[in-house]
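Visitor: Attaching a single structure in structure tokens format; questions to follow.
Numbering (UniProt numbering), first residue to last: 1 to 572.
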């Protein structure tokens with residue numbers, strides 16, 4: 001630059017060192033462009049990355065896509081018109097003309113390339129940067145991005161969803177739950193690359209669906225999930241510009257895979273998760289080898305070194321073995337409560353219906369309606385001819401116990417039963433709603449949730465069975481045996497978690513058992529009902545059956561009249 005008389009610098013004037021003309025520089029000189037060999041100019045224009053041409057400034061022109069004379073003709077035609085075209089726009093016209101020709105036979109695509117740190121070149125880290133490169137390719141030639149990245153990826157923790165893949169494929173055999181090694185032929189990828197199949201197996205990794213019949217492909221860096229396989233096991237696999245969504249046959253969401261920067265739908269699985277899956281596979285393998293031994297004992301074998309040849313199975317993991325669940329599953333255990341759940345009588349009442357009993361009672365009864373107060377465990381039993389009578393006896397029970405304890409002070413708050421139709425019906429619901437009683441139900445086929453009354457049923461049945469068999473009492477007197485068993489159990493069994501009997505907790509006083517007799521024993525009943533002669537026998541022979549509920553008397557079976565009667569004048 002030259003300075004003027006005032007000391008200010010003049011504007012820079014370009015000078016061409018080829019033709020010595022003012023107004024342009026040598027790279028923009030038309031004569032220089034004509035003389036240069038165009039084939040050398042295009043020699044450095046490669047498809048592998050963006051390179052700057054030393055001649056024209058055109059980026060990424062494909063090699064050998066245009067004949068030399070075609071390019072020379074375009075330049076000569078434009079230079080011939082340079083006399084009428086301003087020099088400043090001549091370069092743009094050459095660029096546009098060549099670009100139009102390139103556009104006819106090529107396509108320009110964008111490729112995302114990872115550029116890792118130099119210091120951690122072989123380490124997978126978050127410092128990797130993604131660079132976008134523009135690449136010219138021939139028309140009618142497409143880039144198979146999934147195949148390209150699956151074969152050249154640096155990470156084996158990438159899972160690509162591939163709609164053109166007929167089978168699931170991975171290249172890391174440590175991810176297989178069970179792998180069968182065999183020669184499976186060859187796999188041809190979309191870009192023409194072929195890889196050998198070394199085996200197949202099942203993939204079970206948290207965060208992925210269970211992948212059956214997955215191929216183990218030699219040299220496959222990333223992992224391919226077949227869309228065809230997903231469509232067979234799920235209801236829907238849908239794509240949009242941002243995400244791929246998988247829905248199961250029940251309409252529930254299964255998995256969502258975002259679109260990655262390489263224009264593929266890729267899911268990155270945490271390496272720790274894959275390693276845990278590998279440890280699960282090892283633990284599951286030895287679990288199967290040892291006859292599906294439970295995992296707790298298997299870990300003890302490893303910890304204490306009881307056997308030889310058992311490898312390190314890693315830390316304890318939550319592994320579920322499907323064959324073990326199908327062959328060994330048991331019902332959930334229900335632990336016994338060590339405390340009293342209710343704070344007062346009638347806060348909760350347990351109910352159940354036993355029957356039908358094979359032999360009808362002497363009065364034609366076939367069912368036993370059992371009610372147990374949760375707080376005191378005091379029990380009431382009623383005998384029914386059919387199930388429909390349960391509601392009437394329940395109303396009778398409610399009126400009886402609430403009046404006994406004071407209707408205005410202590411009411412029944414909750415009742416608990418199973419889902420039997422005798423309890424779950426409109427009459428029961430309407431009655432409970434009217435009194436403000438909450439009706440609770442145990443889960444289907446889970447009597448443990450109503451275990452208080454279920455256990456009481458067993459006590460009553462066992463006591464009655466033993467009393468009947470010990471004295472050879474006729475089977476049609478089973479109702480009397482059950483009634484006596486209930487009467488005795490209320491007065492002699494201690495309520496769990498207390499030092500008091502059920503009778504004392506309910507009545508407020510200790511029970512008296514001095515008048516108890518043996519059920520079914522021979523007894524003598526004073527005959528005070530008939531007009532006897534002066535020398536007739538005063539007593540009848542009978543069987544002792546129990547105790548009257550509403551009076552201070554004994555229940556006996558009179559062998560003479562073949563009837564059940566109540567009397568205070570009984571000797572045994």
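We put the beta carbon where it would ideally sit given N, CA and C, even for glycine. Since this is a predicted model, take the numbers as computed values, not measurements.
Given the structure, does residue 214 come close to the ligand SAM, in the sense that its CB is under 8 Å from one of the ligand's heavy atoms?
Guide: This structure does not include the ligand SAM; it has no bound ligands of any sort.
Visitor: Please determine, among 253, 501, 169 and 294, the residue with the shortest C-alpha to C-alpha distance to residue 325.
Guide: Answer by Cα proximity: 294.
Visitor: State buried or exposed for residue 178, treating a residue as buried only when at least 16 other CB atoms are found within 10 Å of its CB.
Guide: Exposed.
Visitor: Output the boundary residues of the beta strand (DSSP E) element that contains residue 245.
Guide: 243–247 is the span of the beta strand (DSSP E), which, as asked, contains residue 245.
Visitor: Measuring alpha carbon to alpha carbon, tell me which of 161, 243, 463 and 488 ends up nearest residue 211.
Guide: It is 161.
Visitor: Look at the alpha carbon of residue 183 and the alpha carbon of residue 176, and state the distance between them as a whole number of angstroms.
Guide: Each residue's alpha carbon lies about 17 Å from the other.
Visitor: In chain order, what residues of the same chain lie with their CB nearer than 8 Å to the CB of residue 514, ignoring the 5 residues before and after it?
Guide: Result list for residue 514: empty, nothing under 8 Å.
Visitor: Taking 8 Å as the cut-off, does the stretch 483–491 touch the stretch 542–550 (at least 3 CB pairs, one atom from each stretch)?
Guide: Verdict: yes, contact present.
Visitor: Is it the case that the Cβ atoms of residue 17 and residue 28 are separated by a distance below 9 Å?
Guide: No, Cβ-Cβ distance for residue 17 and residue 28 is not below 9 Å.
Visitor: Residue 378 and residue 524 look like a contact to me (Cβ under 8 Å); what is the Cβ gap, rounded to whole Å?
Guide: Going by Cβ atoms, the distance from residue 378 to residue 524 rounds to 33 Å, so no, they are not a contact pair.
Visitor: I need the boundaries of the alpha helix (DSSP H) containing residue 424, first residue and last residue.
Guide: Per DSSP, residue 424 belongs to no alpha helix (DSSP H) and is neither H nor E.
Visitor: Are the beta-carbon atoms belonging to residue 180 and residue 187 less than 9 Å from one another?
Guide: No. Outside cutoff.
Visitor: Is there contact between the stretch 412–419 and the stretch 348–358, where contact requires at least three CB pairs shorter than 8 Å?
Guide: Verdict: yes, contact present.
Visitor: Is it buried or exposed, residue 240, if we count other Cβ atoms within 10 angstroms and call 16 or more buried?
Guide: When all chains shown are included, residue 240 counts as exposed.
Visitor: Residue 380 bridges to which residues according to DSSP?
Guide: According to DSSP, residue 380 bridges with 371.
Visitor: Starting from residue 540, trace the beta strand (DSSP E) in both directions and tell me its first and last residue.
Guide: 539–547 is the span of the beta strand (DSSP E), which, as asked, contains residue 540.
Visitor: Can you check DSSP and say which residues form a bridge with residue 266?
Guide: Residue 266 is bridged to 160.
Visitor: Quick check on this structure: which residue in 399, 443 and 258 has the alpha carbon closest to the alpha carbon of residue 332?
Guide: Among 399, 443 and 258, the Cα nearest to that of residue 332 belongs to 443.
Visitor: Reducing DSSP to helix, strand and coil, say where residue 568 ends up.
Guide: If DSSP states are grouped into helix, strand and coil, residue 568 belongs with coil.
Visitor: Determine, using beta-carbon pairs with one atom in the stretch 338–347 and one in the stretch 364–371, whether at least three such pairs fall under 8 Å.
Guide: The stretch 338–347, when compared against the stretch 364–371, does not touch it at the 8 Å Cβ threshold.
Visitor: Only counting the same chain, and skipping five residues up and downstream in sequence, which positions put a Cβ closer than 8 Å to that of residue 561?
Guide: Excluding residues within five positions, the ones whose Cβ falls inside 8 Å are 540.
Visitor: Under a Cβ-count criterion, where at least 16 other Cβ atoms within 10 Å of its own Cβ denotes burial, should residue 501 be classed as buried or exposed?
Guide: Buried.
Visitor: Taking buried to mean at least 16 other C-beta atoms within 10 Å of its own C-beta, is residue 456 buried or exposed?
Guide: Its Cβ being crowded by 16 or more others within 10 Å, residue 456 is buried.
Visitor: What does residue 197 pair with, by DSSP beta-bridge criteria?
Guide: 217.
Visitor: Could you pull the start and end residues of the beta strand (DSSP E) that residue 188 belongs to?
Guide: 186–188 is the span of the beta strand (DSSP E), which, as asked, contains residue 188.
Visitor: Start and end of the alpha helix (DSSP H) containing residue 470?
Guide: Where residue 470 is concerned, the enclosing alpha helix (DSSP H) stretches over 451–470.
Visitor: With DSSP collapsed to three states, give me the class of residue 498.
Guide: Coil, per DSSP.
Visitor: Helix or strand or just coil, what does DSSP make of residue 574?
Guide: This structure leaves residue 574 out entirely; the chain is present only between 1 and 572.
Visitor: So, with DSSP's three-state summary, where would you put residue 515?
Guide: Note: residue 515 maps to coil in three-state DSSP.
Visitor: From the DSSP output, in three-state form, read off residue 211 for me.
Guide: Residue state, collapsed to three classes: strand.
Visitor: For the alpha helix (DSSP H) holding residue 482, just list the boundary residues, first then last.
Guide: Run containing residue 482: 478–492, per the alpha helix (DSSP H) assignment.
Visitor: Beta-carbon within less than 8 Å of residue 37's beta-carbon, same chain only, minus the 5 sequence neighbours each way: which residues are those?
Guide: With a pLDDT of only 42 at residue 37, under the threshold of 50, the placement of this residue in the model should not be trusted, and no figure is reported.
Visitor: May I have the straight-line CA-CA distance separating residue 208 from residue 448, to the nearest angstrom?
Guide: Near 38 Å, if we compare the C-alpha coordinates of residue 448 and residue 208.
Visitor: Does DSSP classify residue 230 as helix, strand or coil?
Guide: Helix, per DSSP.
Visitor: With DSSP run on the structure shown, which of helix, strand or coil describes residue 55?
Guide: Confidence at residue 55 is low in this model, with a pLDDT of 40, below 50, so its placement is unreliable and the value that follows should be read with caution. Note: residue 55 maps to coil in three-state DSSP.
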